[in-house]
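*Asks:* Sequence positions in the sequence shown follow the working numbering and run -14 to 289. All C-beta atoms in this analysis are idealised placements derived from N, C-alpha and C, irrespective of residue type, glycine included. Take a look at this one; I'll ask things after.
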Amino acid sequence: MIALISHEDCALHQMGLEHPEQPARLDAIHDRLISSNLSMVLFEHDAPLATREQLERAHDPEYVAEIFAVSPKEGSVWLDGDTSMNPHSLNAALRAAGAAVHGVDLVMHGPCQVAFCNVRPPGHHAEHNRAMGFCIFNNIAVGAAHAMAHYGLERVAIVDFDVHHGNGTEDIFADEPRVLFCSTFQSPFYPFKGADTVSDHIINCPLPAGTDSQGFRAAVTDRWLPALTNFQPELLMISAGFDAHIADEMAHFRLMEADYTWVTLELRQIADQYAKGRIVSSLEGGYDLGALGRSVYAHLNALF
Ligand SMILES: [Zn+2]
């Protein structure tokens, strides 16, 4: 059984009609999944609001307070050059972070071993004390911090196959050896971080524009899988961005649905071997609506 966690509030967050990070992304995924052979094994859950305590495990309390303070009653406010809040954005961001927490609760308690959070805003660019790159709170980091604080887990792996580096996740867990962070990303490219990181628990794989299936799979095989095997995670979390797809115009990788199937099966083997099969995956990027729906389907079909 796969928990599909989302909330209607996530569709009310809107950064402008031309903005690529748009509410229709969630519908494209939901419609593709619900009309598929997976519909019988998907259990839909409403995402709860993350609490201040849960957020403050990953973020500076002053930053959290600032986000609550600037949340507009009407109109919109810009947090950085491409991230804004409308009157619904705070609740959407709280639901997106709460979804990861709820996903952790579901896979730790059962009956679901796998949870997918179909949420926005995404999270992996949000740092300890700043919003950036469409992200307000770092959803996957809030979930991982909950797994450590609430369940006492000592080894949580976060893998990130979004085409952009998960700079926020790295920033939050740079000094946290209980978290292994593995990321593949186009480099040099936004957010222009991560390529030079030296750390035994942060496995960054910068890859050039034009990287295809072969280059991506080689990086995962050579760098991620040995690190994950050595780490033996008790929980596997995935920053699941699908903007490395060849059809996605946000960046310049050339992955296809089969690559998302492949990497998900590899990750599932790790989770089955060390983490009792427990996987929490949360949506990050992915802006071509057709490719996004098909890619998430490939991802979840490999997890079932
Ligand atoms: Zn991205």
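1. Any residues whose CB sits closer than 6 Å to a heavy atom of ligand 1? List them in chain order?
2. Return the Cβ separation of Asp251 and Leu210 in integer angstroms, given the expectation that the two are a contact with Cβ distance under 8 Å.
3. Please say whether Val99 and Ile(-13) have beta carbons closer to each other than 8 Å?
4. Could you check which residue in Leu165, Gly179, Pro176 and Gly200 has the C-alpha nearest to that of Asn215?
5. Are Leu18 and Tyr282 close, meaning C-beta to C-beta below 8 Å?
6. Using beta-carbon positions only, say whether Glu6 and Pro106 come within less than 8 Å of one another.
7. Buried or exposed for Thr206, going by 16 or more other Cβ atoms inside 10 Å?
8. If you check the beta carbons only, do Met0 and Ser69 fall under 8 Å apart?
9. In the DSSP assignment, the beta strand (DSSP E) including Leu210 goes from what residue to what residue?
10. Assign Val62 to buried or exposed, taking buried as 16 or more other Cβ atoms, counted over all protein chains shown, within 10 Å of its Cβ.
11. Based on DSSP bridge pairs, tell me the residues matched to Glu112.
12. Quick one: what does DSSP say Phe46 is sitting in, helix, strand or coil?
13. Please state whether the Cβ-Cβ distance between Arg263 and Leu220 is less than 8 Å.
14. Would you kindly work out how many angstroms separate the C-alpha atoms of His237 and Ile143, rounded to a whole number?
15. In whole angstroms, what separates the C-alpha of Ala85 from that of Pro193?
16. How far does the beta strand (DSSP E) with Phe101 in it extend, from its first residue to its last?
17. Would you check if the distance between the CB atom of Pro218 and the CB atom of Ile255 is smaller than 8 Å?
18. With DSSP as the reference, identify every bridge partner of Thr169, one or two as the case may be.
19. Measure from the alpha carbon of Pro176 to the alpha carbon of each residue in Ala116, Ser198 and Leu138, then state which is nearest.
20. Identify whether Asp207 lies in helix, strand or coil by the three-state DSSP scheme.
21. Strictly by DSSP, which residues pair up with Phe28?
22. How far does the alpha helix (DSSP H) with Asp145 in it extend, from its first residue to its last?
23. DSSP state of Arg239, grouped into three classes?
24. So which of Ser267, Tyr272 and Val127 has the shortest CA-CA distance to His284?
25. Would you mind sorting His292 into buried or exposed? The rule is 16 or more other CB atoms within 10 Å of its CB.
26. Does DSSP put Thr68 in a helix, in a strand, or in coil?
27. Given a cut-off of 8 Å on the beta-carbon distance, is the pair Asp228 and Val148 in contact?
28. Would you please state the rounded distance, in angstroms, between the beta carbons of Gly270 and Gly226? I believe it to be under 8 Å.
*Replies:* According to the structure data:
1. Asp147, Val148, His149, Gly226, Asp228, Glu269 and Gly270
2. A quick correction: the sequence has Glu, not Asp, at residue 251. Contact flag correct, Cβ pair sits at about 6 Å.
3. With respect to Val99, Ile(-13) sits close: the two C-beta atoms are nearer than 8 Å.
4. Nearest to Asn215 by C-alpha distance, out of Leu165, Gly179, Pro176 and Gly200, is Leu165.
5. yes
6. yes
7. exposed
8. yes
9. Here Leu210 belongs to no beta strand (DSSP E); instead the alpha helix (DSSP H) covers Leu210 to Phe216.
10. exposed
11. Arg115
12. Residue identity check: residue 46 is Pro in the sequence provided, not Phe. It is helical.
13. yes
14. 23 Å
15. Distance between the alpha carbons of Ala85 and Pro193: 30 Å.
16. Val99 to Cys102
17. yes
18. Cys190
19. Of the listed residues, the one whose Cα sits closest to Pro176 is Ala116.
20. Asp207: helix per DSSP, three-state reduction.
21. Ala(-12).
22. Per DSSP, Asp145 belongs to no alpha helix (DSSP H); it is in the beta strand (DSSP E), Val141 to Asp145.
23. strand
24. The option with the nearest alpha carbon to His284 is Ser267.
25. Outside the shown range of the chain (-14 to 289) lies residue 292, about which nothing can therefore be said.
26. It is a strand residue.
27. yes
28. Indeed they touch by this definition, with Cβ atoms about 4 Å apart.
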